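Structure record follows, encoded as structure tokens.
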Amino acid sequence: MGRIVVTGIGMITAIGNSVEENRASLKAGRSGISTIKQFATRYANMPSGEVSTSTAALQEQLKVDSPGVTRTSLLALHAMQEAIADAGLTAAELANTETALVGATTVGGICLTDELYRDTHGQSKGTEYLGSYDYASVSLFLQSHYSIKGIVNTINTACSSSANAIIYGARLIKNGFAKRAIVGGADALAKFTLNGFNALRILSDEPCRPFDENRKGLNLGEGAGFLVLEREEDVQDKHVYCALSGYGNASDAYHPSSLSSDGEGPYKAMQQALETAGLNPADIDFINTHGTATENNDEAESRAMIRIFGNPPAFASTKTYTGHTLGAANAVETIYGILSLKHQEVYPSLNFEAPIPQLGLKPVENYHKASVRHVMSSSFGFGGNCATVIVSKI
Amino acid sequence: MGCISPQQTFEPVDLEALHPVKDNKLNAVEPSYKTIPANQLRRMSKSVRMSIGAMSPFITGLKFDGVIIGTANAGMEESGKFLDQLVEYDEDTLSPGNFVLSTSNAIAAQISLMFGNTGYNNTHVAKGHAFENAILDAAMLLAENPGSVFILGGVDEIASNNYLLDKQSGWFKSGIADDHDFYEANSPGTIPGEGATLFTVSNLPAGALAQVKAVQMINTDSREELAESVQQFIDRMPAKPNLLLSGENGNSDTLPYIDVVERIMGADVAIARFKHMSGEYPTASAFALWMAVKLLSGEAELPSHAIKSGTVNAADLNDIVIYNLHKGVQHSLIWVSKV
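Protein chains in written order, with the numbering used here: chain X, 807 to 1200; chain G, 13 to 351.
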């Protein structure tokens, strides 16, 4: 069994409605973090990475006129459409039992917080979204839209969801259960998550500052990212971005909503990814960190990086551009890693001034060209779920 | 393996005594959880509590390398409580406890936390295919890590919000006169259930209760496509199974799919049903797997109330095929055999 390669990528985030638009923003150091405009909330002034396109506009652009399609599903469709066009997948290939779809989301249809309340408290005859609140609804919508006949799955492990979706899709191919897999995740901004993270007191009222000694929490974001994974031997003349060369998953097993201070789960996930890729720590040229800018994550992640790398390679948190896109995070961030490989460049982490004392790690502060062969992308979620993916230049 | 369900599926297991539908629901019958400290118990969601409880038959001396859970609704009750707070207090100073417990992966996380397990951890939420994807994930892990042991589970609860949403969408029966009506009422809708079923799985036959030989997921609303997939599945087996364990659930709207599967199996295959015991929920196939393993390992006999047609001679029982169906579009086939 040869390598698993990436033949298509697609995305929509606060910094662009396509892969190219996202890249332009990253190069220019242009963050998409601002106030919330798409829905009414007490916390509209909390800096967040909102996709600038309204739900109505998305529906129109994507020509979706069936009822009950949530913003999460529309974002997912937008990104998936770009990815499969990029990979040149035909309708026949999509409708094949050997094409798998593995999605991820942490909010699903609960982005419609008020509608959900009304539908469950007898305040309406039942909105059009009755069947769309669950996590599986996004993937099932995509499956139905493209008549996908292979394995369809959705993973929810909180913030690491799309990393696990990418890994599951790759393993389906490796173990012969699929020939190709469309993998990724989507999440829309929601009153539900805004209030949840705020109640945990880890939401910052300023643009987030990952790895900075004065960081005070995360900014939420929304978006979707999808990748098309195929077997190298099937690719023929198709353009190939890179190989999905390694992956790791581990449980931190410390606390329901915070990581152990020495980052045991992150350490194990990164270690396993290096092992499966057959790489040494010194081979990694860039890390797209989880880097949420919470006091806990950045410290734990830094310690884990120091344990593995001694002197970590160049790293950044692109959550400074997009916010924390939850279920879409690793998919979006791995795509940024793929752009680094394609264009041989690294993107800076914004809002950084001074490193965490005692740890002293500094992220990349300026965009520049670089020799990039292997990029590591990590995501760590509630419940201590840790997952890491490595993409490599072919 | 262990199972907490609407029936007497924890020690002492008694499948013959059927707990009936009450208020058009099959709520889980829970044990007293003597082994879980009261302060821990209080802080657990129902899904987590039932899952830990379902582990009690194998918890002593348990060693495992990772946890894979399939669930659609776990955490939804907590989600609902947080939502209520949010709306009723107009987003003002909420307490985060319910929010943290509302994540789907709370079960897998809690298990790994309780045992200090830092191995593989994943949660599949593909609704009617959540447990099937979990089985596949475990199967791949065992191929990739021979000699390992993983915890595999299928868990769902009747969370109030989910129940109300499904009820409004017309998925449930509004009333059945007596239990004879579960399958005979000839009306649309089914009866919701809940449960937590946990297994330890490995690729070592020694000491195993049964073997899962194949899992097939089918996404379709077409009877023709279903027939084709089922035929292909059966054709790959060396012989027809002794028993079809069917996910028929009393919903007259989805009966045509059951008919397709029964027709392909043929009259010489005995048919039994399980949803009058488990109720309908997205990961009910986990209950079916538990039941199939109980039968194949000789630990239990098929209760008379479960038999639809044909006879099952326990001594000859070698292969069982589970056919499950959820909301008319997610179908699955699981082939389980004697070790």
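Backbone N, C-alpha and C fix where the C-beta goes; we use that ideal spot for every residue, glycine too. The structure displayed is predicted, hence computed values, not measured ones.
Original post:
What does a CB cutoff of less than 6 Å around Pro217(G) pick up in its chain, not counting 5 residues either side in sequence?
Top reply: Val351
Subject >> CB-CB length for Lys1199(X) against Val1178(X), believed under 8 Å >> reply: The Cβ separation is near 7 Å, so the contact holds.
**OP:** State buried or exposed for Asn828(X), treating a residue as buried only when at least 16 other CB atoms are found within 10 Å of its CB.
**Re:** buried
Subject >> Residues in the stretch 1108–1130 of chain X having any Cβ partner in chain G nearer than 9 Å >> reply: none
Original post:
How many angstroms separate the CA atom of Lys985(X) from the CA atom of Ile346(G)?
Top reply: 22 Å
Original post:
Should Gly1084(X) and Gly1031(X) be called a contact, given that it needs their Cβ atoms to be closer than 9 Å?
Top reply: In this structure, Gly1031(X) does not lie closer than 9 Å to Gly1084(X) by Cβ.
**OP:** Specify the secondary structure class of Met88(G) as computed by DSSP and reduced to three states.
**Re:** It is helical.
Subject >> Where the beta strand (DSSP E) through Arg970(X) begins and ends >> reply: Reading off the sequence shown, one finds Asn at residue 970(X), where the question assumed Arg. Looking at the DSSP string, Asn970(X) is not in any beta strand (DSSP E); the run it does join, the alpha helix (DSSP H), is 967–980.
Original post:
Beta-carbon of Glu1081(X) versus every beta-carbon of chain G: anything under 9 Å?
Top reply: no
**OP:** Could you please give the first and the last residue of the uninterrupted beta strand (DSSP E) stretch that includes Ala820(X)?
**Re:** Taken as a continuous stretch (DSSP letters only), Ala820(X) belongs to no beta strand (DSSP E), as it is neither H nor E.
Subject >> Under 7 Å by beta carbon: chain G residues contacting Glu1070(X) >> reply: Thr130
Original post:
In the DSSP assignment, what are the bridge partners of Met67(G)?
Top reply: Answer is none; Met67(G) lacks a bridge partner.
**OP:** Consult DSSP for Ala994(X) and reduce its assignment to one of helix, strand or coil.
**Re:** It is coil, neither helix nor strand.
**OP:** Please report the residue range of the alpha helix (DSSP H) in which Phe111(G) lies.
**Re:** 109–113
**OP:** Could you list which residues in chain G have their beta carbon closer than 9 Å to that of Tyr952(X), in chain order?
**Re:** Ordered by position in chain G, no residue passes the 9 Å Cβ test against Tyr952(X), which lies about 11 Å from the chain.
Original post:
What are the partner residues of Gln20(G), as DSSP defines its beta bridges?
Top reply: Asp26(G)
Original post:
Measuring CA to CA, which of Ile283(G), Gly310(G), Leu257(G) is closest to Phe299(G)?
Top reply: Leu257(G)
**OP:** Verify the CB distance criterion: does Ala1005(X) have a CB-CB separation below 9 Å to chain G?
**Re:** Yes, Ala1005(X) counts as interfacial toward chain G.
Original post:
Which chain G residues are close to Pro1062(X), counting only those with a beta carbon under 9 Å from its beta carbon?
Top reply: Val112, Leu113, Thr115, Ala118, Ala121, Gln122, Leu125
Original post:
Where does Phe1032(X) sit, in a helix, a strand or coil, going by DSSP?
Top reply: strand
Original post:
What span of residues does the beta strand (DSSP E) with Val227(G) cover, start to end?
Top reply: 223–231
Original post:
For the stretch 207–229 of chain G, which residues have a beta carbon sitting closer than 7 Å to at least one beta carbon of chain X?
Top reply: Those would be Met229, in chain order.
Original post:
Among the residues of its own chain, which have a CB less than 6 Å from the CB of Tyr195(G), if the five just before and after it don't count?
Top reply: Gly262
Subject >> Ranges of the alpha helix (DSSP H) found wholly within the stretch 1048–1087 of chain X, counting only runs of at least 4 >> reply: 1070–1083
Original post:
Which residues in chain X sit within 9 Å of Gln243(G), going by Cβ to Cβ distance?
Top reply: Simply none; closest approach about 14 Å.
Original post:
Between Ser1185(X), Pro1163(X), Ile810(X), which lies nearest to Leu978(X) when the distance is taken from Cα to Cα?
Top reply: When only C-alpha atoms are compared, the closest one is Ile810(X).
**OP:** Examine the Cβ distances between the stretch 110–118 of chain G and the stretch 82–95 of chain G and report whether three or more of them are shorter than 8 Å.
**Re:** yes
Subject >> Bridge partners - His1174(X), DSSP secondary structure assignment >> reply: Val1152(X)
**OP:** For Asn1004(X), count neighbouring C-beta atoms within 10 Å of its own C-beta (all shown protein chains included) and say buried if the count is 16 or more, exposed if not.
**Re:** buried
Original post:
Using the C-alpha atoms, what's the distance from Thr1100(X) back to Ile1008(X)?
Top reply: Using only the alpha carbons, I get a separation of about 6 Å.
**OP:** Starting from the C-beta of Ala901(X), find all residues in its chain whose C-beta is less than 6 Å away, skip the five residues before and the five after it, and write them out in chain order.
**Re:** Ser953, Lys955
**OP:** Using a cut-off of 7 Å between C-beta atoms, extract the partners of Leu1050(X) located in chain G.
**Re:** Counting only Cβ-Cβ distances below 7 Å, Leu1050(X) has no contacts in chain G at all, with the closest Cβ about 15 Å away.
Original post:
For Leu907(X), which residues does DSSP report across the bridge?
Top reply: Val958(X), Ile988(X)
**OP:** With DSSP as the reference, label Tyr269(G) as helix, strand or coil.
**Re:** When secondary structure is reduced to three states using DSSP, Tyr269(G) falls in the helix class.
Original post:
Can you name the residues of chain X whose CB is closer than 9 Å to the CB of Glu103(G)?
Top reply: For a Cβ distance threshold of 9 Å, residue set Thr847, Arg848, Tyr849, Lys997, Leu1000, Asn1001, Asn1004 of chain X lies close to Glu103(G), ordered along the chain.
**OP:** Quickly, what does DSSP pair Trp347(G) with across the bridge? List them, please.
**Re:** In the DSSP output, where bridge partners are listed per residue, Trp347(G) has Ala226(G), Val333(G).
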